[in-house]
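Under the working numbering, think of the first position of the sequence shown as 1, with each following residue one higher. Cβ atoms here follow ideal geometry from the backbone N, Cα and C, with glycine treated the same way. Quick caveat, the model's predicted, so the values are computed rather than measured.
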Amino acid sequence: MELGYDYPLYRPPSESNSLIFQVTLGCSFNKCSFCNMYRTKKYSERPWEEVKNEIDVISKLYPLTEKIFLADGDALNLATEKIIQILKYIREKFPNLERISCYAMPKNLLQKSSDELTLLNKEGLNMLYVGIETGHDVLLKKITKGATSQSIIEGCCRAKKSGFTLSCMIILGIGGKKYSVEHIKETARVVSEVSPKFLAALTLILEDGVYEEFMQKFGEPFEHLDDSSILDELEILVNGITPSSSIIFRANHASNVYSIGGNLPEDKDRMISLIRSLKQHPELLKPKVLRRF
Ligand code: SF4
Numbered sequence: 001m002e003l004g005y006d007y008p009l010y011r012p013p014s015e016s017n018s019l020i021f022q023v024t025l026g027c028s029f030n031k032c033s034f035c036n037m038y039r040t041k042k043y044s045e046r047p048w049e050e051v052k053n054e055i056d057v058i059s060k061l062y063p064l065t066e067k068i069f070l071a072d073g074d075a076l077n078l079a080t081e082k083i084i085q086i087l088k089y090i091r092e093k094f095p096n097l098e099r100i101s102c103y104a105m106p107k108n109l110l111q112k113s114s115d116e117l118t119l120l121n122k123e124g125l126n127m128l129y130v131g132i133e134t135g136h137d138v139l140l141k142k143i144t145k146g147a148t149s150q151s152i153i154e155g156c157c158r159a160k161k162s163g164f165t166l167s168c169m170i171i172l173g174i175g176g177k178k179y180s181v182e183h184i185k186e187t188a189r190v191v192s193e194v195s196p197k198f199l200a201a202l203t204l205i206l207e208d209g210v211y212e213e214f215m216q217k218f219g220e221p222f223e224h225l226d227d228s229s230i231l232d233e234l235e236i237l238v239n240g241i242t243p244s245s246s247i248i249f250r251a252n253h254a255s256n257v258y259s260i261g262g263n264l265p266e267d268k269d270r271m272i273s274l275i276r277s278l279k280q281h282p283e284l285l286k287p288k289v290l291r292r293f
């Protein structure tokens, strides 16, 4: 649903039918070397009166809305009281609401106490989208993620214990050739420890706006993986994840070489045999011109 947005505007693919309110603009961190999303925006928090007016107007137009996504990059960076004020008002104006969600960084999660997160969850914020990207600490530094594998695990587990549904993202190929093995091994470890309800695997595509910065921050020559090596990473990842609760896994982002999905661990064997057969049939992969990050 379209409002008078401050562009660029992003939301996860699974929020395509959600109403979006921009409660913050940009990303409070804005330093991940692979991410081009908010480079043109300076982080700011929208005044309550503006957000309230928007909710007033839109709730009259779409009173039966069931899903709302709070944009931009990390609405969870707002003070807890401010988020609660927004959540309460949204729930008052949209009686049919089933879900409110937003993006969250590990840093956002650790800045809130368990009590604050529990309160936010009780006030209706049910789902958080967290970019893990990689579980390998060397790479987390090289991509300037502002997180360690331990802070990712701690932040995500705190959110889960507070009642949140987590949807996490990881990026195939982000370690290049040199760090491929460690990237996937450590990512499988972190994902297994977190065991989010949803996991999405994207594939690294460096857009023009961040290509040079990524290479410079990487600090050594970076060799991109070819499609076959990306499928190797995917196979080792799927095989290596040993979750404590079932994960709904998808590698069906626009950046991926092929759309693959299933539940982990239940569909592990099926997904692995599909990945192996794709390696034998590269002609079935998505043409490079159709892939985007
Ligand atoms: S990946 Fe997320 S946290 Fe990092 S710069 Fe982009 S929006 Fe901000």
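Using C-beta distances below 6 Å, list every residue in its chain close to residue i, excluding the 5 sequence neighbours before and after it, in chain order.
i           : result
residue 38  : 26, 27, 30 and 73
residue 235 : 272 and 275
residue 196 : 166 and 168
residue 69  : 11, 15, 18, 20 and 101
residue 306 : In the structure as shown, the chain begins at 1 and stops at 293. Residue 306 is therefore absent and cannot be evaluated.
residue 206 : 214
residue 118 : 162
residue 237 : 184 and 188
residue 103 : 73, 74 and 129
With distance defined between alpha-carbon atoms, name the residue in the options nearest to residue i.
i           : options               : result
residue 154 : 112, 127 and 142      : 112
residue 35  : 252, 170, 228 and 86  : 170
residue 219 : 91, 83, 19 and 176    : 176
residue 178 : 224, 80, 203 and 118  : 224
residue 287 : 48, 98, 256 and 271   : 256
residue 166 : 132, 93 and 49        : 132
residue 101 : 11, 185, 232 and 205  : 11
residue 99  : 201, 82, 129 and 108  : 129
residue 282 : 248, 229 and 250      : 229
residue 289 : 232, 254, 277 and 267 : 254
residue 160 : 53, 244 and 274       : 244
residue 259 : 250, 273, 84 and 207  : 250
residue 46  : 69, 278, 64 and 6     : 6
residue 139 : 239, 222 and 40       : 222
residue 208 : 106, 8, 292 and 118   : 292
residue 189 : 141, 241 and 201      : 241
residue 303 : 285, 239, 252 and 247 : Since the displayed the chain opens at 1 and closes at 293, residue 303 lies outside it and no answer follows.
residue 105 : 157, 56, 55 and 61    : 157
residue 64  : 248, 90 and 146       : 90
residue 96  : 62, 116 and 205       : 62
residue 51  : 268, 277 and 4        : 4
residue 43  : 81, 284, 75 and 266   : 75
residue 227 : 280, 267 and 53       : 280
Less than 7 Å between C-beta atoms, sequence neighbours within five positions excluded: which residues of the same chain meet that for residue i?
i           : result
residue 33  : 143, 144, 210, 213, 214 and 217
residue 17  : 67
residue 88  : 123
residue 77  : 24, 28 and 108
residue 59  : 93 and 94
residue 193 : 153
Kindly give me the distance between the Cβ atoms of residue i and residue j, rounded to whole angstroms, as I take these residues to be in contact under 8 Å.
i           : j           : result
residue 151 : residue 110 : 6 Å
residue 22  : residue 79  : Between residue 79 and residue 22 the Cβ distance is about 17 Å, and since that is not below 8 Å, they are no contact.
residue 203 : residue 173 : 6 Å
residue 247 : residue 264 : 4 Å
residue 252 : residue 261 : 6 Å
Could you pull out every residue in the same chain whose Cβ sits closer than 8 Å to the Cβ of residue i, ignoring the five residues on either side in sequence?
i           : result
residue 137 : 148, 149 and 186
residue 233 : 172, 173, 180, 183, 184 and 225
residue 40  : 8
residue 284 : 258 and 278
residue 116 : 80
Hey, does residue i have any beta-carbon neighbour from chain B nearer than 9 Å?
i           : result
residue 196 : As a matter of chain content, chain B is missing from the structure shown, which is built from one protein chain.
Task: Start-end ranges of the alpha helix (DSSP H) lying completely within the segment 183-228, minimum 4 residues - done: Runs found: 208-218.
Open item on the list: Could you tell me which whole alpha helix (DSSP H) segments of length 4 or greater appear in the segment 66-140?
Closed with: Listed in chain order, they are 80-93, 106-111 and 114-122.
- [ ] Run through the segment 253-281 for me and flag every whole alpha helix (DSSP H) of 4 or more residues, listed as ranges in chain order.
- [x] Entirely contained in the segment 253-281, the alpha helix (DSSP H) runs reaching 4 residues are, in chain order, 268-280.
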